[in-house]
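Participant: One structure, pasted below without further comment.
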Amino acid sequence: MKVTVVGAGAVGATCADNIARAELADELVILDIKEGFAEGKAQDISQTAALLGFDTHITGTTGDYAKTAKSDVVVITSGLPRKPGMTREELIGTNAGIVKGVTQNILKYSPDAIIIVISNPMDTMTYLALQSTGLPKNRIIGMGGILDSARFKYQLSLQLSCSPGDLNAVVVGGHGDTTMIPLMRLATWNSVPVTKFLSEEQQKQIVADTMVGGATLTKLLGTSAWYAPGAAGAALVESIVRDEKKLFTCCVSLDGEYGQKDICLGVPVTIGRNGWEKILDFGLNAEEQALFNKSADAVRSMNDVLKTL
20 MKVTVVGAGA
30 VGATCADNIA
40 RAELADELVI
50 LDIKEGFAEG
60 KAQDISQTAA
70 LLGFDTHITG
80 TTGDYAKTAK
90 SDVVVITSGL
100 PRKPGMTREE
110 LIGTNAGIVK
120 GVTQNILKYS
130 PDAIIIVISN
140 PMDTMTYLAL
150 QSTGLPKNRI
160 IGMGGILDSA
170 RFKYQLSLQL
180 SCSPGDLNAV
190 VVGGHGDTTM
200 IPLMRLATWN
210 SVPVTKFLSE
220 EQQKQIVADT
230 MVGGATLTKL
240 LGTSAWYAPG
250 AAGAALVESI
260 VRDEKKLFTC
270 CVSLDGEYGQ
280 KDICLGVPVT
290 IGRNGWEKIL
300 DFGLNAEEQA
310 LFNKSADAVR
320 SMNDVLKTL
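When we follow our numbering, the leftmost residue of the sequence shown carries the number 20, and every step to the right adds one.
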């Protein structure tokens with residue numbers, strides 16, 4: 020099994036580190052355009068192998084896509100990160116050109132690869148990757164909902180004073196501060212609805228804190244977060260290469276599901292060796308569906324920016 024991570028920045032390197040530690044690939048390639056950067060990250064991660072006990076072979080390369088040949092899964096993290104006060108929408112112009120170029124180069128050498136998009140604005144970059152490559156829709160997956168759901172569980176665990184591992188909670192819709200939809204009604208603590216233990220005020224606070232989770236970290240760190248996004252990307256890779264059939268919220272192409280077409284948006288999907296395999300209908304109520312439609316409208320307006328580039 021061969022996996023490539025494009026972009027050796029904080030998110031890409033963290034994703035690669037998680038992939039290596041879990042031995043999700045026999046061969047892992049890290050690619051970046053900055054001279055020597057990917058090679059350095061590859062060596063640094065490789066030098067932890069004797070300490071952590073993994074045998075993944077890691078290669079770093081500066082822009083040589085030939086070294087990514089025959090990759091089974093490719094994770095795209097490349098692009099400018101958000102800075103404080105910057106919205107994901109403001110990244111479209113720059114990152115669209117980067118993501119389009121990366122996908123074209125990847126497919127020259129790995130025409131059968133499954134592509135995972137982490138670059139922001141993630142929903143629009145996933146849509147761009149699908150439209151520009153013409154790949155079957157199951158092979159283009161945006162990671163965002165996995166990260167948003169992890170942040171939702173984190174906020175719930177703080178209020179409930181419980182382990183995040185005991186929680187089931189998902190976020191659907193767009194991967195944006197105003198477009199994501201934490202589904203509080205469906206969240207459970209070991210099968211018991213969390214609403215049984217939380218006041219209305221607490222629930223509203225959890226939803227609000229989840230929605231600004233990325234922006235909060237950007238303000239604190241001065242740049243985008245990387246540990247959780249990198250781990251989320253690696254979790255998605257794991258479900259693919261091990262054919263785990265895990266249920267994640269991922270940004271995928273919709274064709275009537277959840278009342279939307281011609282858009283990539285976060286919905287619950289099963290992830291296996293062929294990419295995303297099926298969309299599950301969670302039966303949104305009228306309020307949730309209205310929020311989902313509003314989210315789709317916002318993402319679609321961002322997608323329209325692509326036409327002007």
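Don't be surprised by glycine CBs; every beta carbon is placed ideally from N, CA and C.
For Q62, verify whether its CB is less than 7 Å away from any heavy atom of the ligand FMN.
Facilitator: This structure simply doesn't include the ligand FMN, nor any ligand for that matter.
Participant: Confirm, please, whether the CB-CB distance from V25 to V136 is below 8 Å.
Facilitator: No. Outside cutoff.
Participant: Tell me which same chain residues have a C-beta within less than 8 Å of the C-beta of V22, skipping the five on either side of it?
Facilitator: Here the set comprises I38, L43, A44, E46, L47, V48, S90, D91, V92, V93, V94, V256, V260.
Participant: Taking the straight line between their C-alpha atoms, what separation do you get for Y277 and G249?
Facilitator: The straight-line gap from Cα to Cα measures roughly 28 Å.
Participant: Around the C-beta of S320, are 16 or more other C-beta atoms found within 10 angstroms, so that it is buried, or is it exposed?
Facilitator: By the 10 Å Cβ count, S320 comes out exposed.
Participant: Roughly how many angstroms lie between the CA atoms of V121 and L284, to the nearest whole one?
Facilitator: Straight-line Cα distance between these residues: approximately 21 Å.
Participant: Which residue spans inside the region 214 to 281 form an unbroken alpha helix (DSSP H) run of at least 4?
Facilitator: Whole alpha helix (DSSP H) segments, 4+ residues: 219 to 230, 232 to 240, 246 to 260.
Participant: Taking the alpha carbon of G193 as the point to measure from, which residue in L239, S272, L154, G164 has its own alpha carbon closest?
Facilitator: The shortest Cα separation from G193 among L239, S272, L154, G164 belongs to G164.
Participant: Return yes when the Cβ of P287 is within less than 8 Å of the Cβ of L8, no when it is not.
Facilitator: The displayed coordinates of the chain run from 20 to 328. Any statement about residue 8 would go beyond what the structure contains.
Participant: Classify V318 as helix, strand or coil using the three-state DSSP reduction.
Facilitator: Note: V318 maps to helix in three-state DSSP.
Participant: What's the C-alpha gap between G195 and P140?
Facilitator: If I take the Cα positions, the gap works out to 8 Å.
Participant: Grouping DSSP H, G and I as helix and E and B as strand, with all else coil, what is L186?
Facilitator: Here L186 sits in strand by DSSP.
Participant: If E296 and N157 are in contact, beta carbons under 8 Å, what's the gap, nearest whole angstrom?
Facilitator: Yes, they are in contact, since the Cβ atoms of E296 and N157 sit about 7 Å apart, within 8 Å.
Participant: Taking the alpha-carbon of G205 as reference, which of M199, T96, T80, F301 has the nearest alpha-carbon?
Facilitator: Residue identity differs from the one stated: residue 205 is Leu in this sequence, not Gly. The option with the nearest alpha carbon to L205 is F301.
Participant: Where does L47 fall in DSSP's three states?
Facilitator: Note: L47 maps to strand in three-state DSSP.
Participant: Less than 8 Å between the beta carbons of S138 and T87, yes or no?
Facilitator: No.
Participant: Grab me the residues of A247's own chain with a C-beta within less than 8 Å of its C-beta, minus the 5 sequence neighbours each way, in chain order.
Facilitator: Closer than 8 Å at the Cβ level, and outside the excluded window around A247, lie L166, A169, R170.
Participant: May I have the straight-line CA-CA distance separating L175 from A85, to the nearest angstrom?
Facilitator: In a straight line, the C-alpha of L175 is about 45 Å away from that of A85.
Participant: Going by the beta-carbon positions, is the gap between W245 and T67 smaller than 8 Å?
Facilitator: Cβ distance not < 8 Å, so W245 and T67 don't count as in contact.
Participant: Could you check whether I111 and V271 sit closer than 8 Å to each other, using their CB atoms as the reference points?
Facilitator: Not in contact: V271 and I111 (Cβ atoms no closer than 8 Å).
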